[in-house]
Ligand SMILES: Nc1ncnc2c1ncn2[C@@H]1O[C@H](COP(=O)(O)OP(=O)(O)OP(=O)(O)O)[C@@H](O)[C@H]1O
Ligand SMILES: [Mg+2]
């Protein structure tokens, strides 16, 4: 049936970044990326997770035009990142994983210069606002080499935002950053998203992805093994386990309890019930049934799997 309201795919929002069949083989012959396909929507926070060496930085550097892909195409806001490099790059801000700053420059000079590199007219009021938001205003006349590691990281963020990009890449933005700065960065990132900026971040802190991301991609050994909305991922792969610790161990699950689908663990000391998206549990009737069978429960606890459990399971499976 035709859609009379015109909500067809032709008017669907175009992705702000589109990665098609990207392969990267380094000069050493090592294949760091194997046929990556991914689209990033405008205004989302996308978290890219993966173990060391998975290919996260390689992928980001390809999108930002710092590394060239061996094959495949990437567009940023409709511009091919190779053929139309300048236009694509002007839309992108990058906070690289490795801190590299102009040690002898002042904070103000380096951030203002960065804006100029992208052909943007000077805008001291904007730079002031940026430095104030990043708590760098008091340090504006200090040389970068005199700053602490966390402050240097803020300078990197200020540089990345200096030309008012629509897309921001944060490659391990909170590695080695204290709890307070991490929280500041999270609220900064949320604030940017609220103004329509699309954010792609990599992190080793699963809790950061859990806290921030709208969507999660997991990359392992150069392959995207999963891309999913965070909420749906947690619902689909997340599970709850109820463990009943027994006073006396059982040698087997009594026939009367077979229909519950329980597992016996810890040498018969634990009865475990797993709740996933396909079932639910009526704990009171299970406990009632057990007491009728004179099985005494000493203790019980519930475990809800986290994104971390899901992640560990995904990357431990052979890719
Ligand atoms: N210039 C290079 N030459 C050869 N191999 C490289 C080069 N850069 C990266 N690699 C290899 O490509 C793979 C992916 O590296 P990449 O830096 O993209 O991983 P990552 O996911 O960002 O890891 P991390 O979490 O440690 O930052 C690694 O095996 C790495 O050794
Ligand atoms: Mg990296």
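In our numbering, the protein residues as written are 67 to 385.
We treat Cβ as the ideally placed atom computed from N, Cα and C, and that holds for glycine.
Asked: Exposed unless 16 or more other CB atoms sit within 10 angstroms - verdict on residue 377; Found: buried
Asked: Length at least 3, wholly inside the region 154 to 238: the beta strand (DSSP E) runs in chain order; Found: 158 to 161 and 233 to 237
Asked: Pocket of ligand 1 defined by Cβ to heavy atom distance under 6 angstroms; Found: 92, 94, 96, 98, 116, 118, 119, 120, 121, 122, 123, 124 and 163
Asked: Residues near residue 137 in its chain [Cβ-Cβ closer than 8 angstroms; skip 5 each side]; Found: 87, 88 and 89
Asked: Any non-hydrogen atom of ligand 2 within 7 angstroms of residue 336 CB; Found: no
Asked: C-alpha distance - residue 300 paired with residue 372, whole-angstrom precision; Found: 7 angstroms
Asked: Three-state class that DSSP yields for residue 287 in the structure shown; Found: coil
Asked: Residue 237 Cβ short of 7 angstroms to ligand 2 heavy atom set; Found: yes
Asked: heavy atom of ligand 2 below 7 angstroms from residue 240 C-beta; Found: no
Asked: Whole-angstrom distance between residue 306 and residue 369, CA atom to CA atom; Found: 5 angstroms
Asked: Continuous alpha helix (DSSP H) stretch holding residue 86: start and end; Found: Where residue 86 is concerned, there is no enclosing alpha helix (DSSP H), although the beta strand (DSSP E) it sits in stretches over 83 to 91.
Asked: Neighbour-count burial assignment, residue 92, 16 or more Cβ in a 10 Å radius; Found: exposed
Asked: Bridge-paired residues (DSSP) for residue 394; Found: With the chain covering only 67 through 385, there is no way to say anything about residue 394.
Asked: Proximal residues to residue 275 (C-beta, below 7 angstroms), its chain only, five neighbours per side dropped; Found: 113, 115, 269, 282 and 373
Asked: Residue 149, DSSP secondary structure in three states; Found: coil
Asked: Every unbroken alpha helix (DSSP H) within the region 247 to 325, with a cutoff of 4 residues, ordered by chain; Found: 272 to 278 and 296 to 303
Asked: Cβ-Cβ separation, residue 170 to residue 222 (assumed contact under 8 angstroms), whole Å; Found: That pair is no contact at about 16 angstroms.
Asked: Exposed unless 16 or more other CB atoms sit within 10 angstroms - verdict on residue 204; Found: exposed
Asked: Range of the contiguous alpha helix (DSSP H) that encloses residue 358; Found: 349 to 358
Asked: Test item: CB-CB of residue 213 and residue 206 under 8 angstroms; Found: no
Asked: Beta-carbon proximity check, residue 236 vs residue 193, cutoff 8 angstroms; Found: no
Asked: Whole-angstrom C-beta distance between residue 186 and residue 229, which should lie under 8 angstroms; Found: 5 angstroms
Asked: Ligand 2 heavy atom lying under 7 angstroms from the CB of residue 269; Found: no
Asked: Contacting residues, own chain, Cβ-Cβ under 7 angstroms from residue 151 (five flanking each side not counted); Found: 131
Asked: CB contact flag (residue 142, residue 285, <8 angstroms); Found: no
Asked: C-beta contact flag for residue 102 and residue 125 at 8 angstroms; Found: yes
Asked: Beta-carbon contacts of residue 347 that lie in its chain and below 7 angstroms, excluding the five residues immediately before and after; Found: 308, 339 and 341
Asked: Residues bridged to residue 365 (per DSSP); Found: 311
Asked: Residues that DSSP places opposite residue 142 in a beta bridge; Found: 83 and 145
Asked: Same chain, Cβ closer than 6 angstroms to residue 238, neighbours up to 5 away in sequence not counted; Found: 163 and 268
Asked: Span of the beta strand (DSSP E), counted from its first residue to its last, around residue 100; Found: 97 to 106
Asked: Simplified DSSP assignment, three categories, for residue 132; Found: coil
Asked: Where residue 336 falls, given that 16 or more other Cβ within 10 Å makes a residue buried; Found: buried
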